[in-house]
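Undergrad:
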Amino acid sequence: MTLLQRLTIAIFGVLLLFAINVVSFAIGNNTIRHSLDAVSDAVQGQLNASALRQSLDNLHKQLLVLVTLRESAGQGISAAEADRTRREIAGLRDLVERMERNTSDASLPVHGVLARETESLFRDWERLLLDLRRPLRRGVSIDELKASYGSTERALAAFEAAMIGVSRNEGQQVETTGKVIGRITIIVFLSSIFFTSFLGFLLIRHTNESLRRLREGTVRIGGGDLDYRITVPGGDEFGQLAQAFNDMSDQLRRAVQEVHEAKEQADRANAAKSSFLANMSHELRTPLNAIIGYSEMMVEMATEEEDLAAAELTGDMQRILTAGRHLLSLINNVLDIAKIETGKMTLYLESFDAVEALRELAATMHTLAAHNRNTIVIDVPEGTSAPIVSDQTRFRQIFANLLSNACKFTANGAVTLDVTPFVRGGFDWLRLRVRDTGIGMTTEQLQSVFDAFVQADSSTTKKYGGTGLGLALCREFCTLLGGRIEAASEPGRGSVFTVEMPVDAAALPVTEAAAPARSDAPAPERARAEAGVPTVLIVDDDADARELSARVLRAEGCHVLEAAGGDEGLRLARERLPDLIVLDLVMPGMDGWEVLSVLKDNEETRDIPVVLQSMLDARDQAFDRGAAEFLDKPVDKRRLAATLERLAPRDRSGHVLLIESASPARDVLVEGLREQGWYVSSTEQAGEALAIARLSPPDLVLLSLGLPGDDVVTLSEAIAHNATLRQVPVFVLAAADGEADARERLASALDRLVVHDPVALESLLEKTGRFAAEAPLNPRPR
Amino acid sequence: MTRILLVEDNEMNRDMLSRRLARKGFEVLLAIDGEQAVTLTLAERPDVVLLDMNLPLKDGWTVAREIRADARGRQVPIIALTAHAMSDDRARALAAGCDDYETKPLDFARLLGKIAALAGARGAPPP
Ligand SMILES: Nc1ncnc2c1ncn2[C@@H]1O[C@H](COP(=O)(O)OP(=O)(O)OP(=O)(O)O)[C@@H](O)[C@H]1O
Ligand SMILES: [Mg+2]
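As you go down the protein sequences, you meet chains H and U in turn.
The opening residue of the first sequence carries number 0 in numbering that gives the first Met the number 0; numbering runs sequentially from there.
The opening residue of the second sequence carries number 0 in numbering that gives the first Met the number 0; numbering runs sequentially from there.
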């Protein structure tokens, strides 16, 4: 119940009690008024009755006197006297009649008796009066007269008694009614006081309790106990507030967790890099030591021994060569890693025979295999060929490392290579496996062997050498070639490395780097539809997850469409034909599988690559059903970006001109911009910037206020006066503090100015990414 | 003649250095891992031990400590050789009981000077 409902109920309760009070008071009052009326009638009746008794008594006595007089003196009465008496009688009749009006219904019969008796008395009296006018005629006797009067008197007495009864009864009634009303009033008053205070008490107690819990909760959550849950009874406003707090702490916890994980990851990466540097130093110095040592020795020999035969030196020269080559391969590996990390790896696709390539490779590995007395077996039926379109150099590099690892970590064993074709998602694939019977790896070691700079454990380096770059390179190359690599192993039993490669790397939606290198390959149709800005549709019921992916994609320069459910997703997919669909697997209603199958059944949407995202491990199923990629949830920013790059290549050849003094921060910015696909030219000199701008007009200018003041003003004026540059948006990078006047001078010179404080590089990159996504850029060959 | 025990796991470097030392008239004993290094040092008591620190089975620091822990090895001069060039490597090597320290790629002339100094201090005549 909400607080408002509680209050409403309390008010209604009090109002009801009030109404009871008013009604009972009104009813009681009415009763009392009626009773009082009756009492006054009864009193009036009594007064009338005694007046009547008085008059009757007088007349009766008068008439008795007259009768006695006539009997003794024989004398009648005068006409005037008879008349007067008759009038008196008529007056009395009137009185009796009036008395009826004051008589309550209950006493009417008593009055009836009285009326009847008086009437017969009055008749007797009138007859007597007639008699009295006629002398000596004997009519009504005194006795009769007395009897008649007597019964009248009794009736009158009965009437009086009735009136007294009525007035007493009604009096009592008034008293009781008054008492009852009083009691009701007191009871209702007391109970309403009780009721309101009880409700008030409940309300206050509930409020206090809720507030106490909220306070305690906020203190604990604020103190860092993010697992704490505030529980408040009832679903009222406090409950909602508590829920909001709980949600907030959930969110906080998630954010903290993320930050924590990111930090740990960064720490791990850092530690790996440091130990990589140490290893690199060791690995580079060892062959260098040999090269320099042998060379010095040969110089010595050549100067000291005059009759030295060239043949005596060849062995040492051979060793110098070997060490030099080893050094070269090390350096190449490091360069490859660096190229991949900065997105500069170029692939050259060509047709070749995979089996043939592997055979050649195995042949070159014989010395290495023999070193640990291993044999390399190519387990493919004689005459089998497996034509493939891929980058041959990278393909060989992958298997050279897998074979060299297998030989390195196996002694007196066998290294077996096999190749099996299979079909997935309508495409032909090859599965290539390298098995060995060597030392193997633990599950823990397996988890990170593909990470750059990681070796199974530090003793590996000492025992077997190497840099820990081989497998990292393998994975990157596999991904670049549209495939992937997996490892399985058991300590002491051996390892299996499985590589899956598309037979035609160009037929899959492939990397941007691969496409231009192969002129005869059919260009991916969908790519570059909208001036190089890919449209990506995100279908996910979880708004947070959607937002996260959307941010990553926007920062990558995509146009992002969002759908909160399967139906909406399908509609948008049909209407907008996006370049890529990122689809959540578990959704209420229509789930990801259904959406995927509808997409794949529809002619128009069939070819849109779909990236499935889920916390469930449904990788194989996803590929079987036609997904182009499967990503684990929660979304890994870098993997999503890499997937985007692979499946929906951008052609943002936008040119950004960065004018800032050289600093590590600038290098980071440049790198970020390049990752976004910008062509970046950077300079710290106003003159040079203008020259660049004239040669190759930029799509965006990033201008730092950190430059010497004159430069900034000259530049901004030059920009304002140049016809082409006037059109170009300028993001001004200003330090958060100071530089206010420079900013002002700028603002007057430039009207297309976006001031940006580059506190957070991320947000700046997000802006430039969005800018690239929204503005049409000048097409420019790279 | 000064006897030098060269402890080095890398084949090429072992070959190169042993031959260069032999050319300078030293008698060179070879060990290819940490265990051999300890056994040979204690058994042969060479005039100088050239000890690579990055060794299989037992690393150079352990080797140095074990040699120093044994009465027979307490006096044997040890020169640490490493291909790591981290600043604390030198301190670690000296702490483990080595007398001197050289990084690879080696400056051969300087190494010879150090060998002469250490072997001479111990009373063995330079070749
Ligand atoms: N076939 C295997 N058997 C057992 N362990 C392996 C095998 N392949 C790789 N590993 C483990 O994985 C680690 C990483 O291998 P990776 O090829 O990346 O580096 P490396 O071989 O040590 O160095 P590099 O290839 O740069 O010379 C190895 O150091 C080893 O510990
Ligand atoms: Mg390797």
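Glycine included, every Cβ here is placed at the ideal spot set by N, Cα and C.
The model shown is predicted, which means the values in this text are computed figures rather than measured ones.
Per DSSP, Asp427(H) forms a beta bridge with which residues?
TA: Against the first sequence, residue 427(H) aligns to sequence position 428. Answer is Val422(H).
Undergrad: Pull out every residue of the region 100–112 of chain U whose Cβ sits closer than 9 Å to any Cβ of chain H, in chain order.
TA: Taking 9 Å as the Cβ-Cβ cut-off against chain H, the residues of the region 100–112 of chain U that qualify are Thr102, Lys103, Pro104, Leu105 and Phe107.
Undergrad: In the DSSP assignment, what are the bridge partners of Tyr227(H)?
TA: By one-based count along the first sequence, residue 227(H) stands at place 228. According to DSSP, which records beta bridges pairwise, Tyr227(H) is partnered with nothing at all.
Undergrad: Short of 8 Å Cβ to Cβ, which residues in the region 18–40 of chain U face chain H?
TA: Hits within the stretch, in order: Arg18, Arg19 and Arg22.
Undergrad: What is the DSSP secondary structure of Pro508(H), reduced to helix, strand or coil?
TA: The residue labelled residue 508(H) in the question sits at position 509 within the first sequence. Only weak support exists for where Pro508(H) lies, its pLDDT of 46 falling under 50; the value from the coordinates is given anyway. Pro508(H) falls in the coil class under three-state DSSP.
Undergrad: Return the CA-CA distance between Gly177(H) and Thr67(H), expressed in angstroms with no decimal places.
TA: To locate residue 177(H), count along the first sequence from 1; it is residue 178. To locate residue 67(H), count along the first sequence from 1; it is residue 68. Approximately 58 Å, taken between the alpha carbons.
Undergrad: Can you pull the chain H neighbours of Ala82(U), defined as C-beta to C-beta under 9 Å?
TA: Here residue 82(U) refers to the residue found at position 83 when the second sequence is read from its first residue. Neighbours of Ala82(U) on chain H, chain order: Ser280, His281, Glu282, Leu283, Arg284, Thr285, Leu287 and Asn288.
Undergrad: Counting only the same chain and skipping the five closest in sequence on each side, list residues whose C-beta sits under 6 Å from that of Ala514(H).
TA: As a working note, residue 514(H) is residue 515 in the first sequence. Legend: pLDDT at Ala514(H) = 33, less than 50; position of this residue unreliable, no value from coordinates given.
Undergrad: Does DSSP put Gln786(H) in a helix, a strand or coil?
TA: An answer regarding residue 786(H) cannot be provided, because it is not within the stretch 0 to 781 covered by chain H.
Undergrad: With a threshold of 7 Å on Cβ separation, who are the neighbours of Leu29(U) within its own chain once the five nearest residues in sequence on each side are excluded?
TA: Here residue 29(U) refers to the residue found at position 30 when the second sequence is read from its first residue. Excluding positions up to five away in sequence, the list reads Leu5, Arg13 and Ser17.
Undergrad: Could you give the first and the last residue of the continuous alpha helix (DSSP H) run that contains Ile397(H)?
TA: The residue given as residue 397(H) occupies position 398 in the first sequence. Run containing Ile397(H): Gln391 to Lys407, per the alpha helix (DSSP H) assignment.
Undergrad: How do the region 83–97 of chain H and the region 163–182 of chain H stand: do at least 3 beta-carbon pairs fall below 8 Å, yes or no?
TA: No, the region 83–97 of chain H is not in contact with the region 163–182 of chain H.
Undergrad: Below 8 Å, how does it come out for the region 311–327 of chain H and the region 467–480 of chain H: are there three or more Cβ pairs, yes or no?
TA: As far as the Cβ criterion goes, the region 311–327 of chain H does not touch the region 467–480 of chain H, which means the pair count is below three.
Undergrad: Can you give me the Cβ contacts of Arg525(H) inside the same chain, cut-off strictly under 6 Å, excluding the 5 residues immediately before and after it?
TA: The residue labelled residue 525(H) in the question sits at position 526 within the first sequence. Reliability fails at Arg525(H), whose pLDDT of 34 lies under 50, so the model's placement of it is uncertain and the value that follows must be treated cautiously. The answer, listed in chain order, is Asp578.
Undergrad: Roughly how many angstroms separate the alpha carbons of Leu431(H) and Asp352(H), rounded to a whole number?
TA: Indexing the first sequence from 1 puts residue 431(H) at position 432. Indexing the first sequence from 1 puts residue 352(H) at position 353. Using only the alpha carbons, I get a separation of about 13 Å.
Undergrad: Considering only heavy atoms of ligand 1, does any lie closer than 8 Å to the CB of Leu468(H)?
TA: Counting from one through the first sequence, the residue named residue 468(H) turns up at place 469. Within the cutoff, so yes.
Undergrad: At a CB-CB cut-off below 8 Å, which residues of chain U make contact with Glu295(H)?
TA: Taking the first residue of the first sequence as position 1, residue 295(H) is located at position 296. The contacting residues are Arg19 and Phe107.
Undergrad: Short check: CB of Thr441(H) to CB of Pro490(H), under 9 Å?
TA: Counting from 1 along the first sequence, the entry for residue 441(H) is found at position 442. Counting from 1 along the first sequence, the entry for residue 490(H) is found at position 491. Closer than 9 Å, so yes.
Undergrad: If you reduce the DSSP assignment to three classes, tell me which class Ala530(H) lands in.
TA: For the purposes of this step, residue 530(H) is taken as residue 531 along the first sequence, with counting starting at 1. With a pLDDT of 44 at Ala530(H), under the threshold of 50, the modelled position of this residue cannot be trusted; read the value that follows with caution. The answer is coil: DSSP assigns Ala530(H) none of H, G, I, E or B.
Undergrad: Within its chain, find whatever has a CB closer than 6 Å to the CB of Ala405(H); leave out the 5 residues flanking it on each side and keep chain order.
TA: The residue you call residue 405(H) lines up with position 406 of the first sequence. Answer for Ala405(H): Val414, Val433 and Asp435, listed in chain order.
Undergrad: Which residues of chain A have a Cβ atom closer than 8 Å to the Cβ of Ile291(H), listed in chain order?
TA: Protein chains in the displayed structure are H and U, and chain A is not among them.
Undergrad: Mapping DSSP to helix, strand and coil, what is Arg372(H)?
TA: In the first sequence, counting from the first residue as 1, residue 372(H) sits at position 373. Three-state DSSP puts Arg372(H) in coil, outside helix and strand.
Undergrad: Quick check: Leu120(H) and Leu55(H), are their CB atoms within less than 9 Å of each other?
TA: The residue labelled residue 120(H) in the question sits at position 121 within the first sequence. The residue labelled residue 55(H) in the question sits at position 56 within the first sequence. Yes, Cβ-Cβ distance for Leu120(H) and Leu55(H) is below 9 Å.
Undergrad: Which residues of the region 45–70 of chain U have a Cβ closer than 9 Å to any Cβ of chain H? Give them in chain order.
TA: Listed by position along the chain: Asn53, Leu54, Pro55, Leu56 and Asp58.
Undergrad: Quick one: does Leu5(U) have its CB under 9 Å from some CB of chain H?
TA: On the second sequence, position 6 is the one that residue 5(U) refers to. No, no contact with chain H.
Undergrad: Leaving out five residues on either side along the sequence, give the residues of the same chain with a beta carbon under 6 Å from the beta carbon of Ser384(H).
TA: Counting from one through the first sequence, the residue named residue 384(H) turns up at place 385. These residues qualify, in order along the chain: Asp352 and Val354.
Undergrad: Helix, strand or coil for Val502(H)? Go by DSSP, reduced to three states.
TA: As a working note, residue 502(H) is residue 503 in the first sequence. Reduced to three states, the DSSP call for Val502(H) is coil.
Undergrad: Confirm, please, whether the CB-CB distance from Thr321(H) to Lys103(U) is below 9 Å.
TA: Within the second sequence, numbered from 1, the residue matching residue 103(U) stands at position 104. Within the first sequence, numbered from 1, the residue matching residue 321(H) stands at position 322. No, the pair does not count as a contact, with Cβ atoms beyond the cut-off.
Undergrad: With 16 as the cutoff for other CB atoms within 10 Å, does Tyr347(H) come out buried or exposed?
TA: Position 348 of the first sequence, counting from 1, holds the residue named residue 347(H). With fewer than 16 Cβ atoms within 10 Å of its Cβ, Tyr347(H) is classed as exposed.
Undergrad: Taking the alpha-carbon positions, what's the Glu511(H) to Arg618(H) distance?
TA: In the first sequence, residue 511(H) corresponds to position 512, counting from 1. In the first sequence, residue 618(H) corresponds to position 619, counting from 1. Because Glu511(H) carries a pLDDT of 34, less than 50, the predicted location of this residue cannot be relied on, and the following value inherits that uncertainty. So the two alpha carbons sit approximately 25 Å from each other.
Undergrad: Going by C-alpha to C-alpha distance, which of Pro380(H), Gln391(H) and Met589(H) sits closest to Asp417(H)?
TA: For the purposes of this step, residue 417(H) is taken as residue 418 along the first sequence, with counting starting at 1. For the residues Pro380(H), Gln391(H) and Met589(H), the minimum Cα distance to Asp417(H) belongs to Pro380(H).
Undergrad: Within 9 Å of any Cβ in chain H, is that where the Cβ of Met0(U) sits?
TA: Counting from 1 along the second sequence, the entry for residue 0(U) is found at position 1. It does not; no Cβ of chain H falls within 9 Å.
Undergrad: Quick check: the region 39–46 of chain H against the region 98–117 of chain H, are at least 3 beta-carbon pairs closer than 8 Å?
TA: Verdict: yes, contact present.
Undergrad: Could you round the C-beta distance between Glu101(U) and Leu117(U) to whole angstroms and report it? I think they count as a contact, below 8 Å.
TA: In the second sequence, residue 101(U) corresponds to position 102, counting from 1. In the second sequence, residue 117(U) corresponds to position 118, counting from 1. Not really, about 12 Å apart at Cβ, beyond 8 Å.
Undergrad: Answer yes or no: the CB of Cys473(H) versus the heavy atoms of ligand 1, is any distance below 8 Å?
TA: If you number the first sequence from 1, residue 473(H) lands on position 474. The answer is yes for Cys473(H).
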